[in-house]
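A short worksheet on the structure shown next.
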Amino acid sequence: MTYGSIPSQTVVSAHQKSVDRYFEVAAKQWDEIYELDTLYAHIHQERGRIVLLMAENVALSADARVLEIGCGAGLATVALAERGYVVEAVDTVRDMLLTTRARAARAAVADRIRVIQASADHLPYGDNQFSLVLAIGVLPWLACIRKAMMEFIRVAKPGGCLIVNIDNTWRLHELLDPRLHPVHSPLRHYLRNVLRLPVKVPPTQRCSARQFNRLIDELRCTKLDAKMLGFGPLSFFGYPFLSEARNIKVNKFLQSCADRQLPIIRSTAAQYITLLRKGNRSGQ
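With positions in the sequence shown counted from 1, the corresponding number in the numbering used here is that position plus 42.
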């Protein structure tokens, strides 16, 4: 298993540097997230289960090449390697790659995984290389969702599949909290700049499921499956009023409502996960 480097032609933006610094600090947290009993962990644990189920539904051939962009702590990468696939794992943060390598070694699948340090929007691969491309928890952290999607699609084989997710603009727990409401986002951004308030988490990109579906069509991909995921924690003016255990129960109830396609709730989860095929329905 070897490490590459970010291609020399890649210019790392100030935004990407801030994102990398954030994930360098958070590397241990992401390594442990599947062992925690918090709402945040529960949502991401469920996301991992959904992603692997989508990958299984693709029914890849035994010799299929798989790429995970933004491999993080390597949970999905290792799980796919355990299923027999050869996986390329890409991340910009070296600590995440070290964690992925250690996880692969513990699972005895290191011979089926190659980790490469590279930028998600400048992938070091030729066109039409992979039968399956995963980018989970990646698009929100990049400067341009459209540009990144074009890069992900470029490296997928014709007829190959992609599993990606976006952060939803219209989240129920933010719609219910006047301080967090999306309509007030420009004002919050303005006040942070004027007051020079510290930003603990770099700004992320969001879009609605409807907007992302339009982008999918424009990029000539076919949506095979989709899932809205995650509700909470509930708060009022930024202050949580439920315990962690109660927030987990509320999330479970609201998730069941979303799965039953109840109006409003079905479109106001925190994340939108999609399984896509490269090419439109006619295979173009």
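Every residue gets a Cβ at the ideal spot worked out from N, C-alpha and C, and that includes glycine.
Open item on the list: Let's test the definition: count the other Cβ atoms within 10 Å of the Cβ of Met-191 and tell me whether it reaches 16, buried, or not, exposed.
Closed with: Counting from one through the sequence shown, the residue named residue 191 turns up at place 149. Counting the other CB atoms within 10 Å of its CB gives Met-191 a total of 16 or more, which places it among the buried residues.
Task: Three CB pairs or more closer than 8 angstroms across the segment 200 to 220 and the segment 299 to 316 - done: Segments in contact, yes.
Task: Cβ pair Ala-121, Leu-81 closer than 8 angstroms - done: As a working mapping, residue 121 is identified with position 79 in the sequence shown. As a working mapping, residue 81 is identified with position 39 in the sequence shown. No, these two residues do not count as a Cβ contact at 8 angstroms.
TODO: Return the first residue and the last residue of the alpha helix (DSSP H) that Leu-15 is part of.
DONE: Here the chain has residues from 43 to 326 only, and residue 15 is not among them.
Task: Local Cβ density within 10 Å of Ile-306, reported as buried at 16 or more and exposed below that - done: Mapped onto the sequence shown, residue 306 falls at position 264. Ile-306 should be labelled exposed.
- [ ] Look at the Cβ atom of Ala-115, then the Cβ atom of Met-138, and state whether they are nearer than 8 angstroms.
- [x] On the sequence shown, position 73 is the one that residue 115 refers to. On the sequence shown, position 96 is the one that residue 138 refers to. In this structure, Met-138 lies closer than 8 angstroms to Ala-115 by Cβ.
TODO: State the Cα-Cα distance for the pair Glu-286 and Pro-244, rounded to the nearest angstrom.
DONE: The residue you call residue 286 lines up with position 244 of the sequence shown. The residue you call residue 244 lines up with position 202 of the sequence shown. A direct Cα-Cα distance of roughly 25 angstroms separates Glu-286 from Pro-244.
Open item on the list: For Asp-169, which residues in the same chain have their Cβ closer than 8 angstroms to its Cβ, ignoring the five residues on either side in sequence?
Closed with: Along the sequence shown, read from residue 1 onward, the residue named residue 169 stands at position 127. Same-chain partners within the cutoff: Arg-196, Val-197.
Open item on the list: Assuming Asn-99 and Asp-219 are in contact, meaning their beta carbons sit under 8 angstroms apart, how far apart are those beta carbons, in whole angstroms?
Closed with: The sequence position of residue 99 within the sequence shown is 57, counting from 1. The sequence position of residue 219 within the sequence shown is 177, counting from 1. Between Asp-219 and Asn-99 the Cβ distance is about 36 angstroms, and since that is not below 8 angstroms, they are no contact.
Task: With 16 other Cβ atoms within 10 Å as the buried cut-off, status of Pro-275 - done: Locating residue 275 in the sequence shown gives position 233, counting from the first residue. Counting Cβ neighbours within 10 Å, Pro-275 comes out buried, since at least 16 surround it.
Task: Between the CA atoms of Val-292 and Arg-188 - distance to the nearest angstrom - done: By one-based count along the sequence shown, residue 188 stands at place 146. By one-based count along the sequence shown, residue 292 stands at place 250. The alpha-carbon atoms of Arg-188 and Val-292 are separated by roughly 33 angstroms.
Task: Length of the line joining the Cα atoms of Ile-75 and Glu-124 - done: Taking the first residue of the sequence shown as 1, we reach residue 75 at position 33. Taking the first residue of the sequence shown as 1, we reach residue 124 at position 82. CA-to-CA, the gap between Ile-75 and Glu-124 works out to about 20 angstroms.
Task: Pick from Thr-316, Trp-183, Gly-126 that is closest to Arg-107, judged by C-alpha positions - done: Mapped onto the sequence shown, residue 107 falls at position 65. Selected option, being the one with the closest Cα: Gly-126.
Open item on the list: Since Met-269 and Ile-315 should fall inside the 8 angstroms C-beta cutoff, what is the C-beta to C-beta distance between them, to a whole number of angstroms?
Closed with: Looking up residue 269 in the sequence shown gives position 227. Looking up residue 315 in the sequence shown gives position 273. At residue 269 the sequence reads Lys, which differs from the Met that was named. At roughly 5 angstroms, the Cβ-Cβ gap stays under 8 angstroms, so Lys-269 and Ile-315 are in contact.
Open item on the list: Do Leu-317 and Ile-205 count as a contact pair if the criterion is CB distance below 8 angstroms?
Closed with: As a position in the sequence shown, residue 205 is number 163, starting the count at 1. As a position in the sequence shown, residue 317 is number 275, starting the count at 1. Contact flag set, yes.
Task: Sequence-distant residues of its chain with Cβ nearer than 6 angstroms to Gln-171 (five each side left out) - done: Reading the sequence shown from its first residue, position 129 is the one you call residue 171. So the qualifying residues of the chain are Val-197.
Open item on the list: Quick check for students: name the residue ranges of the alpha helix (DSSP H) that lie wholly in the segment 193 to 231, counting only runs of 4 or more.
Closed with: Runs found: 214 to 217.
Open item on the list: Can you tell me whether Val-129 is buried or exposed? The criterion is at least 16 other CB atoms within 10 Å of its CB, across all chains shown.
Closed with: Your numbering for residue 129 matches position 87 in the sequence shown. When all chains shown are included, Val-129 counts as buried.
Open item on the list: If you reduce the DSSP assignment to three classes, tell me which class Ala-6 lands in.
Closed with: Nothing can be reported for residue 6: it is not among the residues displayed for the chain, which extend from 43 to 326.
TODO: Spell out the partners DSSP gives Gln-159 in its beta bridges.
DONE: Here residue 159 is taken as the residue at index 117 of the sequence shown, counted from 1. BP columns for Gln-159 point to Asp-133.
Task: Alpha carbon of Gly-272 to alpha carbon of Leu-261, nearest angstrom - done: For the purposes of this step, residue 272 is taken as the residue at position 230 of the sequence shown. For the purposes of this step, residue 261 is taken as the residue at position 219 of the sequence shown. The C-alpha of Leu-261 is placed about 27 angstroms away from the C-alpha of Gly-272.
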